[in-house]
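Worksheet for the structure shown next.
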């Protein structure tokens, strides 16, 4: 069976690796029926097992996985249960699986009631600690950051010590942002109150959804149950459009805060809302306002999103020298998320003293929609490559460094834009049948020199494109030592309206060379130091990730350039080991003297030396240094923009410009005549997102946000 003609569309990705895009993109004003019930769980569990690539029935291994996964969700920071209590909980959960198959979810409800009691006790402890007039931030606190590497406390004293450390680290996040200790204590106290409130607000449906998702995730890390709300978010991310007001909201200290007003959206047209505004009440036409302070963000989103042409009324609080409170009425409209679409820019570099233009094409995801006239990333990329040719760019950087994946068929289409024809990826299903997905046409949209930029974040569909272009020796791969390492395919199984969907791993994919990207990813030809290099970041470190496999190579000679003198013949040269070696040597020279990358290496060494143990004093010092560096960078940028100082500064653009210089000179490298770039910048910069992840890792322990953030609506 052709995988791309099944009723469930195939998708591969990291952040939201889903599939089927259902008609429409707007949200619902109220929760749709039917709701997930206990009696539906056995049926949906069987569906997962029927379609999964590996597990097809419940055995002892899967039963233990489900128990361990659910326990981890109940107490991810290991601050609620003692070691002995966890063992008792696991024993109870082992019987729950059979009970649920018999349409009995009473044990889940009992566990939730116990959870509420534990959150109330946690809140009481935190409140009393923070209310103590003698409280001081203990900068000598030391914490094992990764909860998986911690042990459960054996007694209440040990648990209290852990919670106290967590509170100190949470407090440091406020204090480091120049908040005084009194206000910080108030805000953190409120957050603990919200944690208890969220536990109390959980419905039976929430419990059933959490258990079903734990069951799915126990199969492998990319199988999931998706609620209707999550499914709608996926539709938005794949179609790059939504029906709403056009803002991005986040939950902060009980408030729904405007993070960004989306350009071109309904809110942007009114020019009223601004970033940092707090929405405190929402009303529909003809209805009374609903107070949304302390409301879960997912419920706020449900109130504000809605059908195009309808009106929503917002009460807004704006903090300035004085607090301002006002109301605004916004007519919902279709919002196109242009900022998340493929985009291109051009950098001028010098090779041999001559200016050359290099195109940098950034592709954030492999998006696409089923709606007629919807955005397709393959069409957008093809149009941008046409623009690169018209601009007479001598080389192209395809930036997949922040691309976590997307639709399978779209990745095949995009890889095909760079070769004449040939197999792009092979997919092996649950029946061990292998299907090679080929470039659907012989059109070559770009036949010039090509660099593919990757990172440890680049996953799934990104790895298909990078892997194929590497195996066909079409591109030089530059970036982290390797990509994320996800080599599995997920299918979306739609459920009755209101229930969402199942995402289940149904296949493995393989590069043209026959190797899988599972665990190993796609290795870079030119490796640049990255902050991700110190993290256990990637598929190989995911719990229950599937083992890697391989198949026979299916490289297609027709994909390679020919010696034809025809005007339509591909003009690129194959990437040779000698060329890769030369480019890697040049890059190393630049990297070794690049100040930004020297700092990255120093931070990697420091992190390795910590071995997962963080001292709060060191963390706060680093945050102060980062704040000072950021301020200095902003001042330097302001000076450069004013024209007073033309001193080059390190930036992602400058780094990619240098990559482009190497790219533009690639064809002459074979003759050893290529000139070095005139500037001393590196071939690739450190991943800023990666830096934030590492430096703020202690903040993850705060459990401050129980909602994905920000949400677009």
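Residue numbers (the numbering used here): 5 to 717. Each residue gets a CB set at the ideal place from its N, CA and C atoms; glycine is no exception.
C-beta atoms of residue i and residue j nearer than 8 Å
| i | j | result |
| --- | --- | --- |
| residue 507 | residue 228 | yes |
| residue 528 | residue 482 | yes |
| residue 424 | residue 557 | no |
| residue 389 | residue 458 | no |
| residue 512 | residue 493 | yes |
| residue 269 | residue 339 | yes |
| residue 318 | residue 266 | no |
| residue 453 | residue 525 | no |
| residue 469 | residue 555 | no |
| residue 306 | residue 247 | no |
| residue 534 | residue 617 | no |
| residue 62 | residue 98 | no |
| residue 426 | residue 560 | yes |
| residue 369 | residue 417 | no |
| residue 597 | residue 530 | no |
Distance, residue j Cα to residue i Cα
| i | j | result |
| --- | --- | --- |
| residue 50 | residue 502 | 20 Å |
| residue 201 | residue 487 | 40 Å |
| residue 337 | residue 717 | 10 Å |
| residue 474 | residue 356 | 28 Å |
| residue 253 | residue 261 | 5 Å |
| residue 443 | residue 455 | 20 Å |
| residue 412 | residue 465 | 6 Å |
| residue 59 | residue 219 | 11 Å |
| residue 276 | residue 80 | 40 Å |
| residue 721 | residue 447 | For the chain, the structure presents residues 5 to 717; residue 721 sits outside this window and is missing. |
| residue 212 | residue 45 | 7 Å |
| residue 346 | residue 85 | 46 Å |
| residue 378 | residue 109 | 42 Å |
| residue 156 | residue 68 | 18 Å |
| residue 344 | residue 258 | 28 Å |
| residue 300 | residue 88 | 33 Å |
| residue 64 | residue 48 | 19 Å |
| residue 593 | residue 532 | 11 Å |
| residue 650 | residue 637 | Confidence is the limiting factor: at residue 650 the pLDDT is only 36, short of 50, which leaves the residue's position unreliable, though a coordinate-based value still follows. Rounded to the nearest angstrom, the two C-alpha atoms are 14 Å apart. |
| residue 523 | residue 221 | 18 Å |
| residue 552 | residue 518 | 12 Å |
| residue 297 | residue 194 | 12 Å |
| residue 208 | residue 476 | 52 Å |
| residue 216 | residue 536 | 32 Å |
Under the three-state DSSP convention, the category residue i falls into
| i | result |
| --- | --- |
| residue 553 | coil |
| residue 541 | coil |
| residue 416 | helix |
| residue 447 | coil |
| residue 492 | strand |
| residue 159 | coil |
| residue 580 | coil |
| residue 486 | strand |
| residue 152 | helix |
| residue 131 | helix |
| residue 266 | coil |
| residue 249 | coil |
| residue 548 | coil |
| residue 88 | helix |
Residue i, buried or exposed, once every other Cβ within 10 Å from all chains shown has been counted against 16
| i | result |
| --- | --- |
| residue 462 | buried |
| residue 295 | exposed |
| residue 580 | exposed |
| residue 55 | buried |
| residue 331 | exposed |
| residue 394 | exposed |
| residue 749 | The requested residue 749 does not occur in the structure, where the chain is confined to residues 5 to 717. |
| residue 226 | buried |
| residue 273 | exposed |
| residue 43 | exposed |
| residue 174 | buried |
| residue 435 | exposed |
| residue 286 | buried |
| residue 599 | exposed |
| residue 2 | Not covered by the structure: residue 2. The range shown for the chain is 5 to 717. |
Chain C contact for residue i (CB, 8 Å cutoff)
| i | result |
| --- | --- |
| residue 79 | Absent here is chain C; the protein component of the structure consists of one chain. |
beta-carbon residue i near the ligand ADP non-hydrogen atom, thresh 7 Å
| i | result |
| --- | --- |
| residue 197 | This structure does not include the ligand ADP; it has no bound ligands of any sort. |
Unbroken stretches of the beta strand (DSSP E), 3 residues or longer, contained in the segment 284-340
Runs of the beta strand (DSSP E) inside the segment 284-340: 315-322, 328-335, 337-340.
Report the start-end ranges of each beta strand (DSSP E) in the segment 495-536 that is 3 residues or longer and not cut off at the edges.
Qualifying beta strand (DSSP E) stretches, in chain order: 505-514.
At 4 residues or longer, and completely inside the segment 178-237: list those alpha helix (DSSP H) runs for me, N to C.
Entirely contained in the segment 178-237, the alpha helix (DSSP H) runs reaching 4 residues are, in chain order, 185-205, 208-223.
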